[in-house]
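In the UniProt record's numbering, the protein residues as written are 1 to 321.
For each residue, glycine too, the CB sits at the ideal point set by N, CA and C.
A quick note: this is a predicted structure, and the numbers were derived from the prediction, not measured.
Worksheet: one structure, shown below.
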């Protein structure tokens with residue numbers, strides 16, 4: 001079996017990893033207080049190996065120390081799913097969720113009613129994700145179907161499907177490895193985001209899903225209720241902050257911690273304990289306070305992003321020997 005280790009030096013803007021510098025100059029924010037990764041906050045089972053601290057170099061050429069984090073590409077302490085309902089009579093408990101067509105706010109339930117009424121929801125009569133005679137939902141029920149559908153260029157025979165992949169489709173030796181600065185370093189320029197970082201349960205915080213390609217193929221790339229789904233390249237990964245991989249780390253009513261970005265800065269939820277959003281966020285959705293230093297606040301679940309850009313330096317990809 002081919003080696004399935006995906007080394008995620010979360011730095012390059014290729015495939016599923018991040019990031020490259022943008023032309024925009026980083027925001028002039030107070031970064032005097034710097035708070036790095038707290039490994040103790042990660043869930044039991046988040047890592048395959050004990051996290052290590054290793055020497056590393058950022059894309060900007062800064063010599064620093066990084067956490068080397070190895071995961072199984074799955075959320076610790078939780079089984080993913082469900083994703084696609086099986087019939088148009090199934091309720092919300094038997095399916096997952098998807099982005100709202102408005103591109104903001106909460107995710108929408110993928111129940112049988114949603115599948116049946118996709119042509120109305122998207123105002124496009126071509127939608128047909130179920131059998132008119134049996135009411136059964138068309139979904140990717142095999143690994144071959146998953147491979148053919150869970151990509152931007154959906155194969156013709158897998159169009160008009162609810163896309164569902166399983167952890168059992170991953171190679172037996174599948175792993176994900178992240179290199180993230182121990183102490184965040186503010187960059188001279190903000191960086192673009194593909195892979196955002198890592199959640200507290202060890203799953204990837206992914207960049208934006210290719211929604212245009214997904215809907216254009218008349219497919220729904222179903223998430224479970226936690227806002228994540230599976231493919232064979234990334235394993236289980238999140239596209240939305242739906243409240244599953246969070247920890248309340250402060251007693252001041254602040255938003256819960258979700259995870260850490262590729263640059264080592266923390267990512268907190270969109271809403272605090274009182275249900276309020278942060279004000280005066282920068283273009284990366286970052287803000288600074290006296291307790292947490294610079295950190296991010298996640299976007300709403302249906303916005304198809306966590307943060308707008310990366311404020312800090314990320315690690316230089318390894319060069320071949």
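Exercise for the section: List the endpoints of the continuous alpha helix (DSSP H) containing residue 115. Expected result: The residue given as residue 115 occupies position 115 in the chain shown. Segment 112-116, the alpha helix (DSSP H) holding residue 115.
Handout entry: C-alpha gap between residue 178 and residue 69, whole angstroms
Key = Position 178 of the chain shown, counted from the start, is the residue given in the question as residue 178. Position 69 of the chain shown, counted from the start, is the residue given in the question as residue 69. Note on geometry: alpha-carbon atoms of residue 178 and residue 69 lie some 5 Å from one another.
Handout entry: Distance CB(residue 245)-CB(residue 75) smaller than 8 Å
Key = As a working note, residue 245 is residue 245 in the chain shown. As a working note, residue 75 is residue 75 in the chain shown. When the beta-carbon positions are compared, residue 245 and residue 75 come within less than 8 Å of each other.
Problem - Through-space distance from residue 207 to residue 34, alpha-carbon basis - result: Stepping through the chain shown from its first residue, residue 34 is reached at position 34. Stepping through the chain shown from its first residue, residue 207 is reached at position 207. Straight-line Cα distance between these residues: approximately 24 Å.
Practice task
Please determine, among 119, 148 and 112, the residue with the shortest C-alpha to C-alpha distance to residue 135.
Solution key: Within the chain shown, the letter at position 135 stands for residue 135. Among 119, 148 and 112, the Cα nearest to that of residue 135 is on 112.
Problem - Alpha-carbon spacing of residue 53 relative to residue 39, whole angstroms - result: The residue labelled residue 53 in the question sits at position 53 within the chain shown. The residue labelled residue 39 in the question sits at position 39 within the chain shown. One C-alpha to the other measures close to 11 Å.
Exercise for the section: Can you tell me which of 299, 314, 128 and 316 puts its alpha carbon nearest to the alpha carbon of residue 308? Expected result: Mapped onto the chain shown, residue 308 falls at position 308. The residue with the shortest Cα to Cα distance from residue 308 is 299.
Practice task
Quick one: grab the DSSP three-state call for residue 256.
Solution key: Counting from 1 along the chain shown, the entry for residue 256 is found at position 256. Here residue 256 sits in coil by DSSP.
Practice task
Identify, in the order they occur along the chain, each residue of the same chain with its Cβ nearer than 7 Å to the Cβ of residue 130, setting aside the five sequence neighbours on each side.
Solution key: Counting from 1 along the chain shown, the entry for residue 130 is found at position 130. The residues are 88, 115, 116, 136, 137 and 138.
Handout entry: Residue from 255, 42, 186 and 72 with nearest C-alpha to residue 276
Key = Here the question's residue 276 lines up with position 276 in the chain shown. It is 255.
Handout entry: residue 24, buried or exposed, once every other Cβ within 10 Å from all chains shown has been counted against 16
Key = Your numbering for residue 24 matches position 24 in the chain shown. Low per-residue confidence applies at residue 24: pLDDT is 39, beneath 50, and the placement is therefore not dependable enough to give any value.
Handout entry: residue 332 versus 192, 301, 212 and 305, residue with shortest Cα-Cα distance
Key = Examination of residue 332 is not possible in this model, given that the chain is present from 1 through 321 alone.
Practice task
Determine the burial state of residue 122: buried for a count of at least 16 other Cβ atoms within 10 Å of its Cβ, exposed for fewer.
Solution key: On the chain shown, position 122 is the one that residue 122 refers to. Exposed, since its Cβ has fewer than 16 Cβ neighbours within 10 Å.
Exercise for the section: With a 10 Å radius around its C-beta and 16 neighbouring C-beta atoms as the bar for buried, classify residue 104 as buried or exposed. Expected result: Your numbering for residue 104 matches position 104 in the chain shown. Exposed, by the Cβ-count rule.
Exercise for the section: Please confirm if the segment 166-178 is in contact with the segment 55-65, defined as three or more CB-CB distances below 8 Å between the two stretches. Expected result: Look at the beta carbons and you see the segment 166-178 not touching the segment 55-65: under three pairs across the two are nearer than 8 Å.
Exercise for the section: Hey, could you find the ends of the beta strand (DSSP E) residue 286 is sitting in? Expected result: Here residue 286 refers to the residue found at position 286 when the chain shown is read from its first residue. Run containing residue 286: 286-289, per the beta strand (DSSP E) assignment.
Practice task
Measure the beta-carbon distance from residue 165 to residue 140 and round it to whole angstroms, keeping in mind my assumption that it falls under 8 Å.
Solution key: Here residue 165 refers to the residue found at position 165 of the chain shown. Here residue 140 refers to the residue found at position 140 of the chain shown. With a Cβ gap of about 7 Å, residue 165 and residue 140 count as contacting.
Practice task
Using DSSP bridges, identify the partner residues of residue 355.
Solution key: The structure shown does not extend to residue 355, since the chain spans only 1 to 321, so no value can be given for it.
Exercise for the section: Pick helix, strand or coil for residue 215, following the three-state DSSP scheme. Expected result: If you number the chain shown from 1, residue 215 lands on position 215. Looking at residue 215 - three-state DSSP - the assignment turns out to be helix.
Handout entry: Cβ neighbours of residue 100 in the same chain (closer than 6 Å, five flanking residues each side left out)
Key = Against the chain shown, residue 100 aligns to sequence position 100. 108 and 302.
Problem - For residue 72, the three-state DSSP class (helix, strand or coil) - result: Taking the first residue of the chain shown as 1, we reach residue 72 at position 72. Reduced to three states, the DSSP call for residue 72 is coil.
Handout entry: Burial state of residue 274, where buried means 16 or more other Cβ atoms lie within 10 Å
Key = Taking the chain shown and counting its residues from 1, one reaches residue 274 at position 274. Exposed, because fewer than 16 other Cβ atoms sit within 10 Å of the Cβ of residue 274.
Practice task
Leaving out five residues on either side along the sequence, give the residues of the same chain with a beta carbon under 8 Å from the beta carbon of residue 211.
Solution key: Counting from 1 along the chain shown, the entry for residue 211 is found at position 211. These residues qualify, in order along the chain: 99 and 304.
Handout entry: Reduced DSSP secondary structure (H/G/I, E/B, other) of residue 82
Key = For this step, residue 82 is matched to residue 82 along the chain shown. Three-state result, residue 82: coil.
Exercise for the section: With a cut-off of 8 Å on the beta carbons, I'd call residue 198 and residue 259 a contact; round off their distance for me. Expected result: The count along the chain shown starts at 1 and reaches residue 198 at position 198. The count along the chain shown starts at 1 and reaches residue 259 at position 259. The beta-carbon distance between residue 198 and residue 259, rounded to whole angstroms, is 5 Å. This is short enough to meet the 8 Å contact definition.
Exercise for the section: Measure the C-alpha to C-alpha separation of residue 287 and residue 45 and round it to an integer number of angstroms. Expected result: As a first step, residue 287 must be located in the chain shown, where it is residue number 287. As a first step, residue 45 must be located in the chain shown, where it is residue number 45. Cα to Cα, residue 287 sits roughly 30 Å from residue 45.
Exercise for the section: Assign residue 216 to buried or exposed, taking buried as 16 or more other Cβ atoms, counted over all protein chains shown, within 10 Å of its Cβ. Expected result: If you number the chain shown from 1, residue 216 lands on position 216. Per the 10 Å Cβ criterion, exposed.
Handout entry: Candidates 282, 311 and 267, of which the one nearest residue 296 by Cα
Key = For the purposes of this step, residue 296 is identified with residue 296 of the chain shown, where counting begins at 1. Per the Cα distances, 267.
Problem - residue 147, DSSP secondary structure in three states - result: Within the chain shown, the letter at position 147 stands for residue 147. Helix.
Practice task
Tell me whether the beta-carbon of residue 225 lies closer than 8 Å to the beta-carbon of residue 97.
Solution key: The sequence position of residue 225 within the chain shown is 225, counting from 1. The sequence position of residue 97 within the chain shown is 97, counting from 1. Less than 8 Å divides the Cβ of residue 225 from the Cβ of residue 97.
Problem - Anticipated Cβ contact below 8 Å, residue 236 with residue 73, distance rounded - result: Position 236 of the chain shown, counted from the start, is the residue given in the question as residue 236. Position 73 of the chain shown, counted from the start, is the residue given in the question as residue 73. With 8 Å as the limit, residue 236 and residue 73 qualify as a contact, their Cβ atoms being about 6 Å apart.
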